[in-house]
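**Student:**
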Amino acid sequence: MLAMPSLVDARAWRDGRPAPLPEDPQSLRAALQDPHLLVWLDLLRPSVAELTQLADYCDLGPTVVEDALEPHERPKVTRHGGHLFFSTYLTDLVELPPDANRGRLVTHRVSGIVLPMALITVRLDEASTLDAVVARWEDDPDLLRLGSGALVHGLLDYAVDGHFETIQELDDEIEALADVLFEERRTGADFLRRVYGLRRDLVALRRMVLPMREVVSALLRHRTRDATALDSWYDDLYDHVLRAAEWTESLRDMMTSVFETNLSLQDARLNTIMKQLSGWAAIIAVPTAITGWFGQNIPFPGYNQPLGLLVSASLVLVGSLVLYLVFRARDWL
Numbered sequence: 002m003l004a005m006p007s008l009v010d011a012r013a014w015r016d017g018r019p020a021p022l023p024e025d026p027q028s029l030r031a032a033l034q035d036p037h038l039l040v041w042l043d044l045l046r047p048s049v050a051e052l053t054q055l056a057d058y059c060d061l062g063p064t065v066v067e068d069a070l071e072p073h074e075r076p077k078v079t080r081h082g083g084h085l086f087f088s089t090y091l092t093d094l095v096e097l098p099p100d101a102n103r104g105r106l107v108t109h110r111v112s113g114i115v116l117p118m119a120l121i122t123v124r125l126d127e128a129s130t131l132d133a134v135v136a137r138w139e140d141d142p143d144l145l146r147l148g149s150g151a152l153v154h155g156l157l158d159y160a161v162d163g164h165f166e167t168i169q170e171l172d173d174e175i176e177a178l179a180d181v182l183f184e185e186r187r188t189g190a191d192f193l194r195r196v197y198g199l200r201r202d203l204v205a206l207r208r209m210v211l212p213m214r215e216v217v218s219a220l221l222r223h224r225t226r227d228a229t230a231l232d233s234w235y236d237d238l239y240d241h242v243l244r245a246a247e248w249t250e251s252l253r254d255m256m257t258s259v260f261e262t263n264l265s266l267q268d269a270r271l272n273t274i275m276k277q278l279s280g281w282a283a284i285i286a287v288p289t290a291i292t293g294w295f296g297q298n299i300p301f302p303g304y305n306q307p308l309g310l311l312v313s314a315s316l317v318l319v320g321s322l323v324l325y326l327v328f329r330a331r332d333w334l
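Under our numbering, residue 334 is the last one in the sequence shown; the count climbs by one each step, no gaps.
Okay, here's the thing in structure tokens:
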């Protein structure tokens, strides 16, 4: 392996089969110009000096260093002389405590420098492992014969598959929230915290998924070697990217519907509570009025007699029962 501290993996394939990679950094330029040798270099958190040195070895433009190390770069593809630079994001959802004030979505940026027969990937954190991508590459030796475009396709296909898994998990959570909407006494502070967390995750995921259409389209436009053989693979990848983008947009609309429906249901429940309170207040007003009337300090029919108590109690019961039945019939109680 080349003597670079940030170089965590390096592989080569000749005609689709594993081949040795030169150990001498000075031989790297010749290896990258071999039309039958496919090379992959994987860098983890390289320094500016290391990336500048590699750019000199590979005749890369000076803007590569800035693009590869920019921490907040969006998914994109740019052309620099004889090579392409692209960036994409791997996505994942992590478990958080119920009182967490941040979203579950975690993103890992992977940048790539595409040469005719080489791919150099630059990662900024250890969590974005590419072991599964390497397994995909080596499972199809025939595809590796088509050059660096096959490596780029495998990497982007893996990233898009991860997007689909993340979208599916978010879809399941949103459906669970929709089920909770119509359950009584379940849409409290915890529910709102989950809603805002999901909305934050969807906004962040949308920034990762939607630009992938431009990434794949640009790679299709700039393909240079064995383009016809890889067209069907990239067309399929582009279809997956479109589906992921449309699914993300539909989840965004669904999340908005959940939020608005929750507000509407809260208003409806508040109106129901107000009707019930008004009904009970009207019922309570009957005995209040009767007992207040009979409590005056003046003689009245039945005053200071058992008949007066019976009449007042009967009026309280009958009046309250009549109002209760009327309100019940009109669905106020």
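Glycine included, C-beta positions come from ideal geometry on N, C-alpha and C.
Let me know the alpha helix (DSSP H) ranges lying completely inside the stretch 145 to 226, each 4 residues or longer, listed in chain order.
**Tutor:** With a minimum length of 4 residues, the continuous alpha helix (DSSP H) runs that stay inside the stretch 145 to 226 are 149 to 182, 190 to 210, 213 to 223.
**Student:** In whole angstroms, give me the CA-to-CA distance for Leu238 and Arg270.
**Tutor:** Counted from its first residue, the sequence shown places residue 238 at position 237. Counted from its first residue, the sequence shown places residue 270 at position 269. About 47 angstroms.
**Student:** Skipping 5 residues on each side, what residues in its chain have a beta carbon closer than 6 angstroms to that of Ile274?
**Tutor:** Stepping through the sequence shown from its first residue, residue 274 is reached at position 273. Cβ neighbours of Ile274 beyond the five flanking positions: none.
**Student:** Could you tell me the boundaries of the alpha helix (DSSP H) in which Val49 lies?
**Tutor:** Taking the sequence shown and counting its residues from 1, one reaches residue 49 at position 48. Element bounds for Val49: 49 to 58.
**Student:** When the Cα atoms are used, what is the spatial distance from Arg124 to Leu44?
**Tutor:** For the purposes of this step, residue 124 is identified with residue 123 of the sequence shown, where counting begins at 1. For the purposes of this step, residue 44 is identified with residue 43 of the sequence shown, where counting begins at 1. So the two alpha carbons sit approximately 6 angstroms from each other.
**Student:** When the Cβ atoms of the stretch 168 to 180 are set against those of the stretch 132 to 150, are three or more pairs found closer than 8 angstroms?
**Tutor:** At 8 angstroms Cβ cutoff, the stretches do not touch.
**Student:** Kindly indicate if chain D contains any beta-carbon less than 8 angstroms away from that of Ser233.
**Tutor:** The structure shown has no chain D; it contains just one protein chain.
**Student:** What separation, rounded to the nearest whole angstrom, lies between the Cα atoms of Ala160 and Asp240?
**Tutor:** For this step, residue 160 is matched to residue 159 along the sequence shown. For this step, residue 240 is matched to residue 239 along the sequence shown. Rounded to the nearest angstrom, the two C-alpha atoms are 14 angstroms apart.
**Student:** Please classify Thr92 as buried or exposed, where buried requires at least 16 neighbouring CB atoms within 10 angstroms.
**Tutor:** Residue mapping note: residue 92 aligns to position 91 of the sequence shown, counting from 1. Flag for Thr92 reads buried.
**Student:** With DSSP as the reference, identify every bridge partner of Pro19, one or two as the case may be.
**Tutor:** For the purposes of this step, residue 19 is taken as the residue at position 18 of the sequence shown. Note: Pro19 sits in a beta bridge opposite Trp14.
**Student:** Assign Met2 to buried or exposed, taking buried as 16 or more other Cβ atoms, counted over all protein chains shown, within 10 Å of its Cβ.
**Tutor:** Working through the sequence shown from its first residue, we reach residue 2 at position 1. Summary for Met2: the model assigns pLDDT 47, below 50, so the residue's position carries little reliability; its value from the coordinates is reported in the next sentence. By the 10 Å Cβ count, Met2 comes out exposed.
**Student:** Give the secondary structure of Arg80 by DSSP, where H, G and I count as helix, E and B as strand, and everything else as coil.
**Tutor:** By one-based count along the sequence shown, residue 80 stands at place 79. It is a strand residue.
**Student:** If you follow the alpha helix (DSSP H) that Ala31 is in, where does it begin and where does it stop?
**Tutor:** Here residue 31 refers to the residue found at position 30 when the sequence shown is read from its first residue. That run of the alpha helix (DSSP H) goes 29 to 33.
**Student:** If you follow the beta strand (DSSP E) that Thr130 is in, where does it begin and where does it stop?
**Tutor:** As a working note, residue 130 is residue 129 in the sequence shown. Thr130 -> no beta strand (DSSP E), and no H or E assigned at all.
**Student:** Is DSSP giving Leu8 helix, strand or coil here?
**Tutor:** As a working note, residue 8 is residue 7 in the sequence shown. Strand at Leu8.
**Student:** Inspect the CB distances between the stretch 57 to 72 and the stretch 13 to 33 and report whether three or more fall short of 8 angstroms.
**Tutor:** Cβ pair count under 8 angstroms is three or more, so yes.
**Student:** Buried or exposed, going by whether 16 or more other CB atoms sit within 10 Å of the CB of Val319?
**Tutor:** By 1-based counting over the sequence shown, the position of residue 319 is 318. Val319 is exposed by the Cβ-count criterion.
**Student:** Using a Cβ-Cβ cut-off of 8 angstroms (strictly less than) and excluding sequence neighbours within five positions of Thr167, which residues of its own chain qualify?
**Tutor:** Counting from 1 along the sequence shown, the entry for residue 167 is found at position 166. Cβ within range, chain order: Thr92, Asp93, Leu94, Leu106, Leu206.
**Student:** Of the residues Thr53, Leu199, Thr89, which one's Cα is nearest the Cα of Asp162?
**Tutor:** Position 161 of the sequence shown holds residue 162. Here the closest residue by C-alpha is Thr89.
**Student:** Helix, strand or coil, according to DSSP, for Asp141 in the structure here?
**Tutor:** The sequence position of residue 141 within the sequence shown is 140, counting from 1. Here Asp141 sits in coil by DSSP.
**Student:** Taking the continuous alpha helix (DSSP H) assigned at Leu97, which residues delimit it?
**Tutor:** The residue given as residue 97 occupies position 96 in the sequence shown. Segment: none, Leu97 is in no alpha helix (DSSP H) and carries neither H nor E.
**Student:** Residue range of the alpha helix (DSSP H) that Leu70 falls in?
**Tutor:** As a position in the sequence shown, residue 70 is number 69, starting the count at 1. Here the alpha helix (DSSP H) through Leu70 covers 64 to 70.
**Student:** Can you list, in chain order, the residues of its chain with a C-beta nearer than 7 angstroms to that of Gly62? Leave out the 5 residues immediately preceding and following it.
**Tutor:** Indexing the sequence shown from 1 puts residue 62 at position 61. Counting only Cβ-Cβ distances below 7 angstroms, and skipping sequence neighbours, we find His81, Gly82.
**Student:** Identify, in the order they occur along the chain, each residue of the same chain with its Cβ nearer than 6 angstroms to the Cβ of Arg137, setting aside the five sequence neighbours on each side.
**Tutor:** Against the sequence shown, residue 137 aligns to sequence position 136. Closer than 6 angstroms at Cβ, skipping near neighbours: Gly155.
**Student:** Please classify Val323 as buried or exposed, where buried requires at least 16 other C-beta atoms within 10 Å of its C-beta.
**Tutor:** By 1-based counting over the sequence shown, the position of residue 323 is 322. That one is exposed.
**Student:** Report the three-state DSSP secondary structure of Leu85 (helix, strand or coil).
**Tutor:** The count along the sequence shown starts at 1 and reaches residue 85 at position 84. In the structure shown, Leu85 sits in a strand (DSSP, three-state: E or B).
**Student:** Please look up how many angstroms separate the CB atoms of Gly104 and Phe87, rounded, as I've assumed it's under 8 angstroms.
**Tutor:** In the sequence shown, counting from the first residue as 1, residue 104 sits at position 103. In the sequence shown, counting from the first residue as 1, residue 87 sits at position 86. With 8 angstroms as the limit, Gly104 and Phe87 do not qualify as a contact, their Cβ atoms being about 26 angstroms apart.
**Student:** When the distance is taken between beta carbons, is Val153 closer than 8 angstroms to Val115?
**Tutor:** The sequence position of residue 115 within the sequence shown is 114, counting from 1. The sequence position of residue 153 within the sequence shown is 152, counting from 1. It is a contact, given that the beta carbons lie within the stated cut-off.
**Student:** Using a Cβ-based criterion (distance less than 7 angstroms to any ligand heavy atom), does Leu316 qualify as near the ligand SAH?
**Tutor:** Among the components modelled here there is no ligand, and therefore nothing to report on the ligand SAH.
**Student:** At the level of alpha carbons, what is the spacing between Arg253 and Leu203?
**Tutor:** Here residue 253 refers to the residue found at position 252 when the sequence shown is read from its first residue. Here residue 203 refers to the residue found at position 202 when the sequence shown is read from its first residue. If you take the alpha carbons of Arg253 and Leu203, they lie about 7 angstroms apart.
**Student:** Under three-state DSSP, which class holds Gly113?
**Tutor:** Here residue 113 is taken as the residue at index 112 of the sequence shown, counted from 1. If DSSP states are grouped into helix, strand and coil, Gly113 belongs with the strands.
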